[in-house]
Amino acid sequence: MKTIIISLILFIIIILHTIVENKKYKEAYKDTLFKKVKKLQITLYILSFIAFFICLIINVSNQAILNTTTIILNCISIVILILPLSLNNLYLKYFKDEEKYSHIKTIVTNIYDKKLYKEFNKADINIIYIGKESPDNKIKTIEEKDIKVSLLKKNLHINTTNKKIVDKYLKDNTSIKEFDNLDNIYTIIKNARGTHDNFIRSLTYILRTYLSLIISYLLLLAAGFPIEYNLLCILSIKVLTIITSHYLYKKLPHDKDIMERKVKDKNILLGTQEIFLTTIEAFVIAFVCLVPYMYAISQGGTQALGNTLYLVTFICTQVLITFSKLNDSFFIINIIKSYKNLRLIIYTIFSIILVILLNKTTLLNTRNIELQNNISCLVLSLIPIIFVELTKLARFSTKKGKKKHELKNNKK
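Structure below.
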């Protein structure tokens, strides 16, 4: 009864947090990305509704589960696991008006700056220079009468002083006009890209986390192992992922090469390659976490022992994979270099405290597994990290020259 009361309190806290965040950021700029996140949320709500009935049928037919209360709690836990509570207001938390700038492909200006033009070009952004003064570099010059849409996709000099000359040709929101300060717009775009990049990191973190838990549940069902998904445990993980995605990932340092990448496609939330890799990572995490759990149960260990081994391995994996995903550097280097990042330090310390609590409390149906087993879980959690590191190496080495970061940028 105590766990149900605490679970209810946590659920109320999550709902109140959602309401407060929604009111706080309701004035944010909302475009294509916002709509795609909304569609994802609706899809997950529908799936959670369907999952309740599927879970109910599977649990009732599972002879290893005889307790009606356990069956109901399992079903509710799975529903809450799929509910996109961590996605609520995630877009609003990250974006104020950054989406307006993160997809910019063309800048129209009457300011000529050869050095800055090169920096924009590195960022896959072309410049349309409007002015009577001819530039001193290899930019094609045309007259007003020669303007074509196809020419506006590359660097171009239009010999005119009419600042509205290309308005009828550039009607989408991937172009912007800047006649005051090019340096400022460069900084704005750089920050917007970094924000968008961290949003994608956060989104994949959420999907990877819950997909690995769902895969674990399905694999245990398929193997015929007794399963008891603690409702308090699921809600605790929900709270942890909300805190991590809303307050840690948002403030992660932006990649140094953020302005050396291709412009993200505004119609793609997550690319095919990114979805595939996230799914594989979730499978690897689920497998690694289930190894100690299934071994303990098959050897006659208690459910509490199996739960603790699973959760400790899971938490260790989440911490290490966060450091691994910081950038293309080796994850140990990222850990060493993060000593000045207060949020990462707090996150790591908080995760360590969680592991200690799992060993000290019985609220989540866990128990003390001693130091050597905690260390074993930590060692096992390195397996998914090795997979991620190898993936990073492959993605980095298979693209050369100008296309080196093409896949990485668009997350395809």
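Offset between the sequence shown (1-based) and the numbering used here: plus 237.
Ideal Cβ positions, reconstructed from N, Cα and C, are used throughout, including at glycine.
Computed from a predicted model, the values in this text were never measured in an experiment.
| Item | Value |
| --- | --- |
| Reference LYS386, options LYS375, GLY368, LYS408, THR398, closest by Cα | According to the sequence as given, residue 386 is Val; it is not Lys. For VAL386, the nearest C-alpha among the options comes from LYS408. |
| Three-state secondary structure (DSSP) of LYS629 | helix |
| Cβ pair count under 8 Å reaching 3, the segment 514 to 521 against the segment 443 to 450 | yes |
| Given LYS577 as reference, the closest of LEU489, ALA533, ARG498, PHE587 once Cα atoms are compared | LEU489 |
| Inter-residue spacing [alpha-carbon to alpha-carbon] between PHE520 and SER449 | 6 Å |
| 4 or more residues per run - each alpha helix (DSSP H) lying fully within the segment 584 to 625 | 607 to 617 |
| Cutoff 6 Å; reference HIS483; Cβ partners in own chain excluding five residues on either side | LYS330 |
| Whole-Å CB distance - LEU235 paired with ARG604, under 8 Å assumed | With the chain represented from 238 up to 649, any question about residue 235 goes unanswered, as that position is not in the structure. |
| Closest by C-alpha distance to LYS275, when choosing among LEU506, LYS337, SER371, ASN602 | LEU506 |
| For VAL345, the residue or residues it bridges with in DSSP | ILE365, LYS414 |
| Beta strand (DSSP E) segment containing HIS394, residue limits | 393 to 395 |
| Cβ-based burial, VAL257 [other Cβ within 10 Å; buried from 16] | exposed |
| Cβ pair ILE367, ILE344 closer than 8 Å | no |
| Sub-8 Å separation of LEU617 and VAL556 beta-carbons | no |
| Expected contact under 8 Å - CB spacing of LEU277 and LEU324 to nearest Å | 7 Å |
| Beta-carbon gap between HIS340 and THR411 smaller than 8 Å | yes |
| Separation of LYS574 from ASN392, as counted between CA atoms | 39 Å |
| Cβ contact check for the segment 620 to 630 and the segment 556 to 567: 3 or more pairs under 8 Å | yes |
| Inter-residue CB distance, LEU594 and ASN544 (contact presumed, cutoff 8 Å) | Between ASN544 and LEU594 the Cβ distance is about 13 Å, and since that is not below 8 Å, they are no contact. |
| Beta-carbon spacing of LEU579, ILE552 below 8 Å | no |
| 7 Å CB neighbourhood of LYS640 in its chain, flanking five on each side removed | Any reading at LYS640 must be qualified, since the residue scores a pLDDT of 44, below 50, and its modelled position is unreliable; the value itself is stated next. Result list for LYS640: empty, nothing under 7 Å. |
| Cα-Cα separation, GLU335 to HIS394 | 28 Å |
| Per-residue burial, ALA459 [other beta carbons within 10 Å of its own, 16 or more giving buried] | exposed |
| Buried/exposed call for THR424, threshold 16 Cβ in 10 Å | exposed |
| Backbone CA spacing between ILE471 and GLN536 [nearest angstrom] | 26 Å |
| Start and end residues, beta strand (DSSP E) containing LYS377 | 377 to 379 |
| As assigned by DSSP and simplified to three states, the class of ILE402 | coil |
| Which listed residue (LEU485, THR378, SER453, THR509) has its alpha carbon closest to that of ILE209 | Summary: the structure shown does not reach residue 209, with the chain confined to residues 238 through 649, and so no result is reported for it. |
| Residue from CYS526, LEU615, ASP361 with nearest C-alpha to ILE426 | ASP361 |
| Sequence-distant residues of the same chain with beta carbon closer than 8 Å to ASN611, five excluded per side | VAL549, VAL592, ASN596 |
| CB contact flag (ILE250, LEU322, <8 Å) | no |
| Contact set for ASN259: own chain, Cβ-Cβ below 6 Å, skip 5 residues either direction | ASN326 |
| Expected contact under 8 Å - CB spacing of THR269 and ASN428 to nearest Å | About 19 Å separates the two Cβ atoms, so there is no contact after all. |
| Distance between ILE586 and ILE474 (C-alpha atoms, nearest Å) | 16 Å |
| Beta-carbon proximity check, LYS342 vs VAL500, cutoff 8 Å | yes |
| For GLY508, the nearest candidate out of ILE315, LYS487, LYS273 (CA to CA) | LYS273 |
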